[in-house]
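A short write-up of the structure that comes next.
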Amino acid sequence: MTSATPDALNLLLLVQEKDNQILALQHQIKRLPEREEIQTKEEEKSELLNQIQTVQSELHENERVQKRLEDEVATLEDRIQRQQNKLYSGEVKAIKELQALEADIEGLKERQILVEDQIIEVMELNEPIIERIKELENTKDGLEGTITELQKSLMQSEQGLETLTTQAEEERDELTKDVQEELLGIYDNIRRQPGRVGIALLSGSTCRGCHLDLPAVEVDRIKKLPNDTLINCEECGCILVR
Ligand SMILES: [Zn+2]
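In our numbering, each residue's number is its place in the sequence shown (first place is 1) plus 1.
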């Protein structure tokens, strides 16, 4: 028979207090508000990165168009230069040919003006896009700053709670030194089942563990037992303290 002296049971009640405290601290660590806030901010950031990417590819597309137009201008300038060289070289003498050359140069110049106008249009289109990217980058920088702050704060909160947990665990170890190993094992086994109370007071005929009333016959039987007999609640199985 496991001996459960009133002293040992009172110690066990204190052990349970520590266990509850440790569980609450662990719960608190898991549910720190910073954790959820970081998650939300990280999601916002990834959404923002997507937006930046979309806007940037729009800009790159425009830049490709601009590059193509600029290449065309270079080609036109080159052709104009070559035709002008030909015109002034003195090699071409026939009036008709000279007129044709002049007309060609004129046409090329007109085309150049047209393409240069298109380049300006593309550049004007890019201005608000570049602005938008800057804005989004700024927002992203702000978010990253917030995330870093939250992570710092989370770490501090965790450290604080972990210190308290270690402290409570040490206090528990100290308390259990004077509790019989067998009795502690029984208590631990009950507690291992989630949500179960390991030990509770029997007040009158009510178990404070499950708040149910024990039958009068059972209460009578318990009262007659020696005071170091281990008694468990019929309803919830917890160790009862008389
Ligand atoms: Zn009970």
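Ideal Cβ placement from N, Cα and C applies to all residues, glycine included.
query: Less than 8 Å between C-beta atoms, sequence neighbours within five positions excluded: which residues of the same chain meet that for ASN63?; result: VAL123, LEU126, ASN127 and ILE130
query: So which of ARG193, GLN22, GLY186 and LYS135 has the shortest CA-CA distance to LEU165?; result: GLN22
query: Which one of THR3, ARG36, GLU43 and GLU73 has the shortest CA to CA distance from SER154?; result: ARG36
query: Please report the Cβ distance between LEU13 and VAL180, rounded to the nearest whole angstrom; I am assuming they are in contact, meaning their Cβ atoms lie under 8 Å.; result: 6 Å
query: Taking 8 Å as the limit between beta carbons, can you name the residues of its chain near GLU38, skipping five residues before and five after?; result: LEU151
query: Going by DSSP in three states, ALA104 sits in which element: helix, strand or coil?; result: helix
query: When the Cα atoms are used, what is the spatial distance from LEU257 to THR149?; result: An answer regarding residue 257 cannot be provided, because it is not within the stretch 2 to 243 covered by the chain.
query: Determine whether the beta carbon atoms of VAL74 and GLU117 lie at a separation below 8 Å.; result: yes
query: Would you check whether ligand 1 has a heavy atom nearer than 7 Å to the C-beta of GLY210?; result: yes
query: What did DSSP end up calling THR166 once you bin it into helix, strand or coil?; result: helix
query: May I have the straight-line CA-CA distance separating ASP174 from ILE134, to the nearest angstrom?; result: 58 Å
query: Count the other C-beta atoms from every protein chain shown that fall within 10 angstroms of the C-beta of ARG32, then say buried if there are 16 or more, exposed otherwise.; result: exposed
query: So, using beta-carbon positions, are ALA5 and ILE240 closer together than 8 Å?; result: yes
query: In terms of residues, what are the limits of the alpha helix (DSSP H) holding LEU60?; result: 34 to 90
query: Can you tell me the Cα-Cα spacing of LYS94 and GLN85, whole angstroms?; result: 14 Å
query: Thinking C-alpha only, which one of LEU88, CYS237 and SER158 is nearest HIS28?; result: SER158
query: Does DSSP put ASN233 in a helix, a strand or coil?; result: strand
query: What is the DSSP secondary structure of LEU242, reduced to helix, strand or coil?; result: Note that residue 242 is Val in the sequence shown here, rather than Leu. Correct three-state label for VAL242: strand.
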